[in-house]
Amino acid sequence: MLSEETVVLDQSVSNSSPDSRSPQLDLSQIRNRFPILSREIHGHPLAFLDNASTTQKPDSVIQAMVDFFQQSNSNVSRGVYTLAEEATENYEEARKTVAKLLNAVSEDEVIFTSGTTAAVNLVAQSWASQQLKAGDRILVTEMEHHSNLVPWQQLCKQLGIELDYWTIDREGCLDLEELNQLLSENTKLVAMTAISNVLGSINPVGEVVKRAHSIGAAVFVDAAQAVARMPIDVQKWDCDFLAFSGHKLYGPTGIGVLWVKQEQMQKMSPWQTGGGMISKVDRQESHWASGPAKFEAGTPPVAQAAGLTAAIDFILETGFDSITRHETELTQICLDKLQSETDVEIYGPTSMESRAGVVAFNLRGVHPHDVAQVLNESGIAVRAGHHCTQVLHSKLGLQASVRLSVGVYNTEEEILRLVTSLQHVRDLLK
Amino acid sequence: MLSEETVVLDQSVSNSSPDSRSPQLDLSQIRNRFPILSREIHGHPLAFLDNASTTQKPDSVIQAMVDFFQQSNSNVSRGVYTLAEEATENYEEARKTVAKLLNAVSEDEVIFTSGTTAAVNLVAQSWASQQLKAGDRILVTEMEHHSNLVPWQQLCKQLGIELDYWTIDREGCLDLEELNQLLSENTKLVAMTAISNVLGSINPVGEVVKRAHSIGAAVFVDAAQAVARMPIDVQKWDCDFLAFSGHKLYGPTGIGVLWVKQEQMQKMSPWQTGGGMISKVDRQESHWASGPAKFEAGTPPVAQAAGLTAAIDFILETGFDSITRHETELTQICLDKLQSETDVEIYGPTSMESRAGVVAFNLRGVHPHDVAQVLNESGIAVRAGHHCTQVLHSKLGLQASVRLSVGVYNTEEEILRLVTSLQHVRDLLK
Amino acid sequence: MSSEEIYKGVILDHARHPRNRGNLEDPDFEAKAYNPLCGDELVLHLRLKQDLIEDCRTLVRGCSICQASASMMSEELKGKSMENAAALSGIFKKVLHQKDSEDSETLENLRPLMNLRSHKSRIKCVSLAWNAFDECVEKFHETTEKTTTPS
Amino acid sequence: MSSEEIYKGVILDHARHPRNRGNLEDPDFEAKAYNPLCGDELVLHLRLKQDLIEDCRTLVRGCSICQASASMMSEELKGKSMENAAALSGIFKKVLHQKDSEDSETLENLRPLMNLRSHKSRIKCVSLAWNAFDECVEKFHETTEKTTTPS
Ligand SMILES: Cc1ncc(COP(=O)(O)O)c(C=O)c1O
Ligand SMILES: Cc1ncc(COP(=O)(O)O)c(C=O)c1O
Numbered sequence: 507m508l509s510e511e512t513v514v515l516d517q518s519v520s521n522s523s524p525d526s527r528s529p530q531l532d533l534s535q536i537r538n539r540f541p542i543l544s545r546e547i548h549g550h551p552l553a554f555l556d557n558a559s560t561t562q563k564p565d566s567v568i569q570a571m572v573d574f575f576q577q578s579n580s581n582v583s584r585g586v587y588t589l590a591e592e593a594t595e596n597y598e599e600a601r602k603t604v605a606k607l608l609n610a611v612s613e614d615e616v617i618f619t620s621g622t623t624a625a626v627n628l629v630a631q632s633w634a635s636q637q638l639k640a641g642d643r644i645l646v647t648e649m650e651h652h653s654n655l656v657p658w659q660q661l662c663k664q665l666g667i668e669l670d671y672w673t674i675d676r677e678g679c680l681d682l683e684e685l686n687q688l689l690s691e692n693t694k695l696v697a698m699t700a701i702s703n704v705l706g707s708i709n710p711v712g713e714v715v716k717r718a719h720s721i722g723a724a725v726f727v728d729a730a731q732a733v734a735r736m737p738i739d740v741q742k743w744d745c746d747f748l749a750f751s752g753h754k755l756y757g758p759t760g761i762g763v764l765w766v767k768q769e770q771m772q773k774m775s776p777w778q779t780g781g782g783m784i785s786k787v788d789r790q791e792s793h794w795a796s797g798p799a800k801f802e803a804g805t806p807p808v809a810q811a812a813g814l815t816a817a818i819d820f821i822l823e824t825g826f827d828s829i830t831r832h833e834t835e836l837t838q839i840c841l842d843k844l845q846s847e848t849d850v851e852i853y854g855p856t857s858m859e860s861r862a863g864v865v866a867f868n869l870r871g872v873h874p875h876d877v878a879q880v881l882n883e884s885g886i887a888v889r890a891g892h893h894c895t896q897v898l899h900s901k902l903g904l905q906a907s908v909r910l911s912v913g914v915y916n917t918e919e920e921i922l923r924l925v926t927s928l929q930h931v932r933d934l935l936k
Numbered sequence: 507m508l509s510e511e512t513v514v515l516d517q518s519v520s521n522s523s524p525d526s527r528s529p530q531l532d533l534s535q536i537r538n539r540f541p542i543l544s545r546e547i548h549g550h551p552l553a554f555l556d557n558a559s560t561t562q563k564p565d566s567v568i569q570a571m572v573d574f575f576q577q578s579n580s581n582v583s584r585g586v587y588t589l590a591e592e593a594t595e596n597y598e599e600a601r602k603t604v605a606k607l608l609n610a611v612s613e614d615e616v617i618f619t620s621g622t623t624a625a626v627n628l629v630a631q632s633w634a635s636q637q638l639k640a641g642d643r644i645l646v647t648e649m650e651h652h653s654n655l656v657p658w659q660q661l662c663k664q665l666g667i668e669l670d671y672w673t674i675d676r677e678g679c680l681d682l683e684e685l686n687q688l689l690s691e692n693t694k695l696v697a698m699t700a701i702s703n704v705l706g707s708i709n710p711v712g713e714v715v716k717r718a719h720s721i722g723a724a725v726f727v728d729a730a731q732a733v734a735r736m737p738i739d740v741q742k743w744d745c746d747f748l749a750f751s752g753h754k755l756y757g758p759t760g761i762g763v764l765w766v767k768q769e770q771m772q773k774m775s776p777w778q779t780g781g782g783m784i785s786k787v788d789r790q791e792s793h794w795a796s797g798p799a800k801f802e803a804g805t806p807p808v809a810q811a812a813g814l815t816a817a818i819d820f821i822l823e824t825g826f827d828s829i830t831r832h833e834t835e836l837t838q839i840c841l842d843k844l845q846s847e848t849d850v851e852i853y854g855p856t857s858m859e860s861r862a863g864v865v866a867f868n869l870r871g872v873h874p875h876d877v878a879q880v881l882n883e884s885g886i887a888v889r890a891g892h893h894c895t896q897v898l899h900s901k902l903g904l905q906a907s908v909r910l911s912v913g914v915y916n917t918e919e920e921i922l923r924l925v926t927s928l929q930h931v932r933d934l935l936k
Numbered sequence: 043m044s045s046e047e048i049y050k051g052v053i054l055d056h057a058r059h060p061r062n063r064g065n066l067e068d069p070d071f072e073a074k075a076y077n078p079l080c081g082d083e084l085v086l087h088l089r090l091k092q093d094l095i096e097d098c099r100t101l102v103r104g105c106s107i108c109q110a111s112a113s114m115m116s117e118e119l120k121g122k123s124m125e126n127a128a129a130l131s132g133i134f135k136k137v138l139h140q141k142d143s144e145d146s147e148t149l150e151n152l153r154p155l156m157n158l159r160s161h162k163s164r165i166k167c168v169s170l171a172w173n174a175f176d177e178c179v180e181k182f183h184e185t186t187e188k189t190t191t192p193s
Numbered sequence: 043m044s045s046e047e048i049y050k051g052v053i054l055d056h057a058r059h060p061r062n063r064g065n066l067e068d069p070d071f072e073a074k075a076y077n078p079l080c081g082d083e084l085v086l087h088l089r090l091k092q093d094l095i096e097d098c099r100t101l102v103r104g105c106s107i108c109q110a111s112a113s114m115m116s117e118e119l120k121g122k123s124m125e126n127a128a129a130l131s132g133i134f135k136k137v138l139h140q141k142d143s144e145d146s147e148t149l150e151n152l153r154p155l156m157n158l159r160s161h162k163s164r165i166k167c168v169s170l171a172w173n174a175f176d177e178c179v180e181k182f183h184e185t186t187e188k189t190t191t192p193s
């Protein structure tokens, strides 16, 4: 029945080709807001092309945290004095800002964690470990980051559950036809990334949710890569859980977000316990707070919340239209240039259809480490390794790859510099 | 047998009366380093007396994080480019600095967490849940913070373990005689705070460890309050686990420390899983990294590590001698003044013997909330509530109390201002 | 607003002399509310005559704001129909949580409490009594549904 | 140091033409080493004559630094007693991890690798072969203990 449906990809996701009328970024103005970009490496201006790993911070994000420390620093929710009220307001403001970014129904759906990884672990322990039982199945894709894979693997061992893999095709994409075969009555959860941190593929989340829900499975979306690259609308996707990290969207480390649909949150028991998440503690028994607080044990990342608010404001002011357009242009240039080099092997979709600004490749005959090392000589920061996706690399028959990933501040010149510098790598190592 | 031993308290702990020759703080120089202290609240200079909840940040801590964001920001351990190497070095430097602060045998004993609460949960899940079994017992004190209580309570339910309480005496102190009765063959863990966040009592950790170890029980020390107030020597205490939060020692939120004795770390299985803590991931099976990395899943609080290093440097430069002396003096003044007010009820030790700079009290007939609210009018920040110690408050027959807690930058004038302002509270509310 | 302004006039009067304090012997509805941040507790008893609130009592272990709010609420509730009282509670809470919203005329008697809107941490103290009342409203609806819906 | 300096002379020569590459048919000791950060793998085979390292082979799936280090190690090991080789490994690793320490004379042939000390991320690549060797040393000690201790 399902397989007879016409596949209509969620517009907001698949249709990533930039609207030619979308506003162009004022790149030099943007770059001026990132102090680190004036840094020189080995006499060259820094070309930071490792944005899938972490992003740089604009002045406003740094300033927001400095202001918090210099003006309002105190703990949240517990004091009646002025600083405590300001700190609490600052923290709850961040929750509202996240809700706005994700188009959540309410800020009560927003739980702060220390990052994406903690968010996945939270859902595995607070929701899945209660809701799933032996015989059930969890479906993940072959392109998952270890953080959205290992916690499920461990849970499967713990509960006697099966872990199924949704394989990728030759282009590094997921085939919706195959999904119909994979979704069984026993599938209770689909855990998938919205954008691959290696292949750059943009996955059809909305469509997956539709099919998963039709057989009663919930969907966890890893938005670590997507959050800074495209608008997310949790109501449109209709997913059940979604997670991302502050440091991947021009915000600070130390804070992350788990968004949970209200009806699912009601089913969740606490994971970490301690101060702040209780309603009453007796000697042998405790009762829990309601709402997101129930899942936020201990002093939360208060200062980081101020930075996260500023980061989201930065993104929303810049506008996803311009960001997507800019990053798509750069990625297209990069793909074009690399494809014309005969000794370069590129992984992931070759066209910009359903593709974001992450490009993994190898220079034949040279180890990725050596490529990255030599590129660093020219001030170019790219990553070499398996990028926390060993299952994907095995599938591709690789140990490692070089990965470049663009951000809002990258320039065409930087991409061209990378391509030129590959010659330098060849001269030294081939 | 144990009870016949003479009780010799660990010198570094009980002997908190200040050495009169210890150097005096240059208070105005210290205060100049804390930008927030120039803030005015309702026309009065801020008197921040809620340091047990969180501490303010010196310029060097704020600057260290700004420098990191502006100079070296990137992810750790995974890149070969310059920024990544700097970020990794910065992160590992923090580990070494923590090892120095605690006099750890090696920095490999230092695990970074998001805070004290996460550290307790980690030990409960990674160590205790494997090492303890039905019939075993865990001993906690009546003065524990919810963060060092509720995780054990939950574990007890999970495993069918008994949770025993070490009761406090009338002065809010722990009686070592009673400990001998409480430690049974089945006691496998003693979880205790080094300093109470309400009573201010300094507990005899070293002596507890000796007795616990003699019957084969491990000891978890909650050093959240102690870490900024007194020198800690994990080798001298010989404890098994120790935890604290960055934000309680003039460092940032979003980072905490779990120190684990090496032989215990070997017994620990991972808690959170994901990127960075694996050695190899196959489709259905994973293998773990060794050392502290095994317990640090996901992108760690890299920028916060820079702040933590600066905070520890600040403390060590200032010197515990001067810090303890200063805080003891202020606390003594505070106790003297409050004791002479007939309608003030003070909780915790009445003398400065075994006492740190935390003073909880009530103004008879006035609710703590109202006291704190009126004090805020005079720029005085104190906390009102149960301070995450409901078991302790029940024991004291209280719902709530007012708490003031001093830090390195507080002044005698601020303490006197608080005492004077109590008259204002009376005028309004009695 | 300053403490002087909070702790004077109507609020202080209600805090010092709480109206309708205590409990009813055989209440039609009872609810407890609890503030986990400070441990404050409140018990509310209601006696109804059909759907009219005939009597109402509160027992408060809490701060003066919490006391005053409970006392003021009890005066408001008495004599109102459950429906009208529930509507009042809705308006009150809405206005309480929105710093900039206009307080409506129906809130006339509760206006002194609105000054606490700028003190976020005290809003919980103000709301506690009304949370208990909302719980009673829920229970009231459950019973009326039961009696009107054939089971 | 710059890439030009790293990727030239001895290191590049070893990386391009690794000595003692491959495996032994019936090795006395074998160890695998693995770098979780990049997935690099290395297998080391040793043949002993009494306690002298008679032959030694490495099979490397890794970067040029890792290749070169394994190749250079194999040349150092051959002909040394296990004890001397183990001592060398200890000195080498110590010097490698301490930016400012003097490299000792025994490290003469390995000196080119010392230039990588400033590249923290590459130290793991340099060490990989030696980690495998250390594992062989451990196994060697276990067997000698077994044969000398009455069981
Ligand atoms: C004694 C004690 N333990 C644990 C904690 C919890 O620390 P955190 O909230 O930073 O996790 C605190 C602070 O609130 C404390 O005072
Ligand atoms: C797709 C994806 N998921 C999860 C993560 C983990 O995020 P974090 O390390 O911030 O927890 C990352 C980033 O490393 C990622 O790219």
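Chains as they are written, first to last, in the numbering used here: chain U, 507 to 936; chain P, 507 to 936; chain C, 43 to 193; chain B, 43 to 193.
Backbone N, C-alpha and C fix where the C-beta goes; we use that ideal spot for every residue, glycine too.
It should be emphasised that the depicted structure is a prediction, and the values quoted were computed from it without experimental measurement.
key: Proximal chain U residues relative to Val-629/P, where beta-carbon distance stays under 7 Å   = Neighbours of Val-629/P on chain U: none; closest Cβ ~12 Å, over 7 Å.
Distance, Trp-765/P Cα to Asp-525/P Cα = For Asp-525/P, the predicted model reports a pLDDT of 49, less than 50, meaning its position is unreliable and no value from the coordinates is stated.
Span separating the alpha-carbon of Thr-926/U from that of Leu-881/U = The alpha-carbon atoms of Thr-926/U and Leu-881/U are separated by roughly 10 Å.
inquiry  = Along the stretch 788-805 of chain P, where does the CB come closer than 8 Å to a CB of chain U? Name the residues.
reply    = Those residues of the stretch 788-805 of chain P placed with their C-beta closer than 8 Å to a C-beta in chain U are Asp-788, Arg-789, Gln-790, Glu-791, Ser-792, Ala-803, Gly-804 and Thr-805, ordered along the chain.
query = Is any heavy atom of ligand 2 found at a distance shorter than 7 Å from the C-beta of Asp-728/U?
reply = It does: the Cβ of Asp-728/U is within 7 Å (strictly closer) of some heavy atom of ligand 2.
ask   = Rounded to the nearest angstrom, how far is the Cβ of Ala-552/U from that of Gly-885/U, given a contact under 8 Å?
value = Correcting the residue type first, residue 552/U is Leu in the shown sequence and not Ala. Indeed they touch by this definition, with Cβ atoms about 5 Å apart.
Buried/exposed call for Leu-84/B, threshold 16 Cβ in 10 Å = Looking at its Cβ environment, which holds 16 or more other Cβ atoms inside 10 Å, Leu-84/B is buried.
message = Can you determine whether any heavy atom of ligand 1 sits closer than 7 Å to the C-beta of Ser-653/P, and answer yes or no?
response = Yes, since a heavy atom of ligand 1 falls inside the 7 Å radius drawn around the Cβ of Ser-653/P.
message = Could you tell me the alpha carbon to alpha carbon distance between Phe-726/P and Ser-160/B, rounded to whole angstroms?
response = Taking the straight line joining both Cα atoms gives about 38 Å.
task = Tell me whether Ser-751/P counts as near ligand 1, meaning its Cβ is closer than 7 Å to at least one heavy atom of that ligand.
result = Yes; taking the cut-off as 7 Å, the Cβ of Ser-751/P has a heavy atom of ligand 1 nearer than that.
request  = Compute the distance between the beta-carbons of Asp-97/B and Met-124/B, then report whether it is under 8 Å.
outcome  = Result no, Cβ atoms of Asp-97/B and Met-124/B do not sit closer than 8 Å.
key: Residues of the stretch 69-103 of chain C whose Cβ lies closer than 8 Å to any Cβ of chain P, in chain order   = The stretch 69-103 of chain C vs chain P, Cβ under 8 Å: Leu-79, Cys-80, Gly-81, Asp-82, Glu-83 and Arg-103.
query = Between Ser-160/B and chain U, is there a C-beta pair that is closer than 8 Å?
reply = Judged by the 8 Å Cβ criterion, Ser-160/B is not in contact with chain U.
ask   = How about Gly-447/U: is its Cβ closer than 7 Å to a heavy atom in ligand 2?
value = Nothing can be reported for residue 447/U: it is not among the residues displayed for chain U, which extend from 507 to 936.
request  = Tell me whether Met-507/U sits in a helix, a strand or coil according to DSSP, three-state version.
outcome  = Below a pLDDT of 50, predicted positions are generally treated as unreliable, and Met-507/U, at 34, falls in that range; the measurement from the model is reported next regardless. Looking at Met-507/U - three-state DSSP - the assignment turns out to be coil, as it is neither helix nor strand.
task = Measure the CB-CB distance between Cys-167/B and Ser-111/B and report whether it falls below 8 Å.
result = The Cβ atoms of Cys-167/B and Ser-111/B sit closer than 8 Å to each other.
Neighbourhood of Ser-578/P by C-beta distance below 7 Å, restricted to the same chain and skipping five residues each side = Spatial neighbours of Ser-578/P in its own chain (CB-CB distance under 7 Å, excluding positions within 5 residues in sequence) are listed in chain order as Leu-589, Glu-592, Ala-593 and Asn-596.
inquiry  = I'd like the list of long-range same chain contacts for Leu-822/U, defined as Cβ closer than 8 Å, with 5 residues on each side in sequence excluded.
reply    = Within the same chain, Lys-606 and Leu-607 come within 8 Å of Leu-822/U by CB-CB distance, once the 5 residues on both sides are set aside.
Under 8 Å between C-beta atoms of Thr-798/U and Val-626/U = It should be noted that the sequence gives Pro, not Thr, for residue 798/U. Contact check for Pro-798/U against Val-626/U fails: the beta carbons are separated by 8 Å or more.
ask   = With a cut-off of 8 Å, does the C-beta of Ala-734/P fall near any C-beta of chain U?
value = Taking Cβ atoms only, chain U never reaches closer than 8 Å to Ala-734/P, which makes this a no.
query = Comparing the CB of Ala-558/U with every heavy atom of ligand 2, is any distance shorter than 7 Å?
reply = Distances taken from the Cβ of Ala-558/U to the heavy atoms of ligand 2 include one shorter than 7 Å.
message = Whole angstroms are fine: how far does the CA of His-59/C sit from the CA of Leu-935/P?
response = Taking the straight line from one Cα to the other gives about 12 Å.
query = Starting from Asp-670/P and walking both ways along the beta strand (DSSP E), at which residues does that stretch end?
reply = Residues 668-672.
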